[in-house]
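S.K.:
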Amino acid sequence: DQKINTNGTASTQPLGGLFNIEVESPKNTHLYAWGASNLDMKYVKLVFSPVTLASKSRTIELYDTLCIRHHDYFHSEGKDPMISVIQLSPAIIVQDGQTMVEKNWKVSDLSRQNVEPTAVPENPEILECFFEDEQGNAVSKPKKNQTIFLVVKTKEMVGKGINIDLSDDNIDYEYNGSIVDNDLIQGLTVTADTMKIQLKTIKQRRS
135 DQKINTNGTA STQPLGGLFN IEVESPKNTH LYAWGASNLD MKYVKLVFSP VTLASKSRTI
195 ELYDTLCIRH HDYFHSEGKD PMISVIQLSP AIIVQDGQTM VEKNWKVSDL SRQNVEPTAV
255 PENPEILECF FEDEQGNAVS KPKKNQTIFL VVKTKEMVGK GINIDLSDDN IDYEYNGSIV
315 DNDLIQGLTV TADTMKIQLK TIKQRRS
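The numbering used here numbers the first residue of the sequence shown as 135 and each following residue consecutively.
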């Protein structure tokens, strides 16, 4: 409805936007609770399917919707004797993707819904690497025939591959049961910001 002035032209912007909907009465009480609240706003989507294939369906989305009336009716005939009639008052009405009505008491801001999140630039970095023994004590100079752990701490590198240079003129290393060629572990996938890689030190092979 539009209000008019004395010369018959519209004096205010049309508001409209009340929807009377008839549905089968639900077994739960969520419709009753919604109708009893003056603060509970919901999102409602109405899809009108065409009767003939030549027509297109129509979708109406209701944002920040209040249920302002709720009545139940009993019919002695038919499969659904209990019928609920609700009246909905949305703050925003969108039809087929186009905003038709926006009221000043709306809560949702549709202009921000399609804004892509700002990407946070990554700054991958290997922070430090050091050796520990099986008791968690730092090992500065590994000796042969030891089981040690290489602790690798990284930043924003989970899922990336790294190469680790273990160069040592006195010993060689075994990793996953194989001798590390040229003391270089290649293509190691970072699985956590802090990783412990189990190694075994052995007598250095002579070339």
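From the three backbone atoms N, C-alpha and C, an ideal C-beta is built for every residue, glycine too.
Alpha carbon to alpha carbon, what distance is there between L322 and V314?
M.R.: What you label residue 314 is simply residue 180 of the sequence shown in a count that begins at 1. What you label residue 322 is simply residue 188 of the sequence shown in a count that begins at 1. If I take the Cα positions, the gap works out to 12 Å.
S.K.: Starting from M175, follow its DSSP beta bridges and name the residues at the other end.
M.R.: Here residue 175 refers to the residue found at position 41 of the sequence shown. For M175, which the question treats as bridged, DSSP gives no partner whatsoever.
S.K.: Could you tell me the alpha carbon to alpha carbon distance between L333 and S301, rounded to whole angstroms?
M.R.: Within the sequence shown, the letter at position 199 stands for residue 333. Within the sequence shown, the letter at position 167 stands for residue 301. Straight-line Cα distance between these residues: approximately 14 Å.
S.K.: What's the C-alpha gap between P184 and T288?
M.R.: Your numbering for residue 184 matches position 50 in the sequence shown. Your numbering for residue 288 matches position 154 in the sequence shown. P184 and T288: Cα-Cα distance of roughly 58 Å.
S.K.: Any idea what DSSP makes of A170, helix, strand or coil?
M.R.: Within the sequence shown, residue 170 is the residue found at index 36, counting from 1. Helix.
S.K.: How many angstroms separate the CA atom of T199 from the CA atom of L165?
M.R.: The residue you call residue 199 lines up with position 65 of the sequence shown. The residue you call residue 165 lines up with position 31 of the sequence shown. If I take the Cα positions, the gap works out to 13 Å.
S.K.: Could you check what DSSP says for S245 in three-state terms: helix, strand or coil?
M.R.: Start at 1 with the first residue of the sequence shown, and residue 245 comes out as number 111. Residue state, collapsed to three classes: helix.
S.K.: So that I know if they touch, is there some Cβ in chain D lying closer than 7 Å to that of I226?
M.R.: Here chain D cannot be found, since the structure has a single protein chain.
S.K.: Might you give, ordered along the chain, the residues of its own chain that have their beta carbon closer than 7 Å to the beta carbon of P215, omitting 5 neighbours on each side?
M.R.: Position 81 of the sequence shown holds residue 215. Only F208, H209 meet the Cβ criterion.
S.K.: Mind the definition here: the stretch 257-271 touches the stretch 303-317 only if three or more C-beta pairs lie below 8 Å; say whether that holds.
M.R.: The stretch 257-271 is not in contact with the stretch 303-317.
S.K.: If the criterion is Cβ atoms closer than 7 Å, does the pair R203 and Q221 meet it?
M.R.: Along the sequence shown, one-based indexing puts residue 203 at 69. Along the sequence shown, one-based indexing puts residue 221 at 87. In this structure, the beta-carbon distance from R203 to Q221 falls below 7 Å.
S.K.: Give me, in chain order, the residues of the same chain whose beta-carbon lies closer than 8 Å to that of N257; leave out the 5 immediate sequence neighbours on both sides.
M.R.: As a working note, residue 257 is residue 123 in the sequence shown. Within the same chain, N257 has close Cβ partners K289, E290.
S.K.: Tell me V292's beta-bridge partners as DSSP assigns them.
M.R.: Taking the sequence shown and counting its residues from 1, one reaches residue 292 at position 158. Bridge partners of V292: none, in fact.
S.K.: Determine the contact status of D306 and Q338, defining contact as a CB-CB distance below 7 Å.
M.R.: Within the sequence shown, numbered from 1, the residue matching residue 306 stands at position 172. Within the sequence shown, numbered from 1, the residue matching residue 338 stands at position 204. In this structure, Q338 lies closer than 7 Å to D306 by Cβ.
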